[in-house]
Amino acid sequence: MTFSLDTPSTQTLKSEARMLRETRAQSGESLSQSAALEQIARSHGYRDWNTASASLPNRTAVPFQVGRKVVGTYLDQPFTGTLIGVQMLGDMEHFTLTIQFDAPVNVTPDFMFANNRHRVVSTVNSNGVSSALRGNGNPQMVVKRA
Numbered sequence: 002m003t004f005s006l007d008t009p010s011t012q013t014l015k016s017e018a019r020m021l022r023e024t025r026a027q028s029g030e031s032l033s034q035s036a037a038l039e040q041i042a043r044s045h046g047y048r049d050w051n052t053a054s055a056s057l058p059n060r061t062a063v064p065f066q067v068g069r070k071v072v073g074t075y076l077d078q079p080f081t082g083t084l085i086g087v088q089m090l091g092d093m094e095h096f097t098l099t100i101q102f103d104a105p106v107n108v109t110p111d112f113m114f115a116n117n118r119h120r121v122v123s124t125v126n127s128n129g130v131s132s133a134l135r136g137n138g139n140p141q142m143v144v145k146r147a
C-alpha cells in the first residue's frame, strides 16, 4: 500500500482525538478516549478506529501535510496560514510548500509602500527553515505547525 504526503498516521489521528477531548472538556462535555478515536476515524472516512488503525501507518516521516494550519515568518513578517501544496524534492529532505496566508503579509520593510502577499511558494528543509537567506542573514521563511 502506498501513502501520499497528506495521508495521516495513527499518531496524527490520536493527537486529533486528544484535542477533541480537550475541546469538549473545556465546554463541560465528557468524552472518552475511545469515543474520540471512533469519531475522528469516521471524520477521516473510516468505518471505525480499528479500520483506520489497520489501514494507516503508525507514523509518517513527512513533516508537512496539505490542509494543515501553519505559523511562522516570511521575510521576517509573522504569518498564519494553510498549506495548500506540498511537494517533496528529490533529496527527500526538502519540501516546496505553497502557503495561503490567513491575512495578507506586507513583504516590504518600508511603511510608505505596501506589497501584500496572499500566497507564497517556498522551499524549506524538514525543520521548516528555508536555505535562502535575506540580506540580514535570516532565512526567508520559517514555518511550523500551528
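Counting in the working numbering, the sequence shown runs from 2 upward without gaps. Note that CB positions come from ideal geometry on N, CA and C, so glycine has one too. From a predicted model like this one, the values you see are computed outputs, not experimental measurements.
Using only the alpha-carbon positions, how far apart do P64 and A147 sit? Our two residues, P64 and A147, have alpha carbons roughly 12 Å apart in a direct line.
Do the stretch 95 to 108 and the stretch 33 to 46 touch if we need at least three Cβ pairs shorter than 8 Å? A contact between stretches requires three or more CB pairs, one per stretch, nearer than 8 Å, and the stretch 95 to 108 fails this requirement with the stretch 33 to 46.
Rounded to whole angstroms, how far is the Cβ of T18 from the Cβ of A37, which I believe are closer than 8 Å? Sequence check: residue 18 is Ala here, not Thr. A Cβ-Cβ distance of about 4 Å is found for the pair A18 and A37, placing them in contact under the 8 Å criterion.
Nearest-angstrom Cα separation, counted from N128 out to L90: Rounded to whole angstroms, the separation of the alpha carbons of N128 and L90 is 14 Å.
Looking at the structure shown, is L21 part of a helix, part of a strand, or coil, going by DSSP? In this structure, L21 counts as helix in the three-state DSSP scheme.
F80 and V87 - do their beta-carbons sit closer together than 9 Å? With contacts defined by Cβ atoms closer than 9 Å, V87 and F80 do not form a contacting pair.
Going by DSSP, name the residue or residues bridged to K145. Bridge partners of K145: V72.
My assumption, with CB atoms under 8 Å, is that I100 sits in contact with L76. Please give the rounded CB distance. Their Cβ separation, rounded to whole angstroms, is 13 Å, which puts I100 and L76 out of contact at 8 Å.
If you measure between the beta carbons of P58 and S16, is that distance less than 9 Å? Cβ atoms of P58 and S16: not closer than 9 Å.
Are F114 and G82 close, meaning C-beta to C-beta below 9 Å? Not in contact: F114 and G82 (Cβ atoms no closer than 9 Å).
Local Cβ density within 10 Å of V122, reported as buried at 16 or more and exposed below that: Residue burial annotation: V122 is exposed, with fewer than 16 other C-beta atoms found within 10 angstroms of its C-beta.
CA-to-CA distance, Q34 to D49, given in whole angstroms: Approximately 13 Å between the Cα atoms of the pair.
For a test of the three-state rule: what should DSSP assign to Q40, helix, strand or coil? Looking at Q40 - three-state DSSP - the assignment turns out to be helix.
Leaving aside the five residues before and after N116 along the sequence, list all residues of the same chain whose C-beta is less than 8 Å from its C-beta, in chain order. Within the same chain, N116 has close Cβ partners N107, V108, T109.
Where do the ends of the beta strand (DSSP E) carrying T124 lie? 117 to 126 is the extent of the beta strand (DSSP E) around T124.
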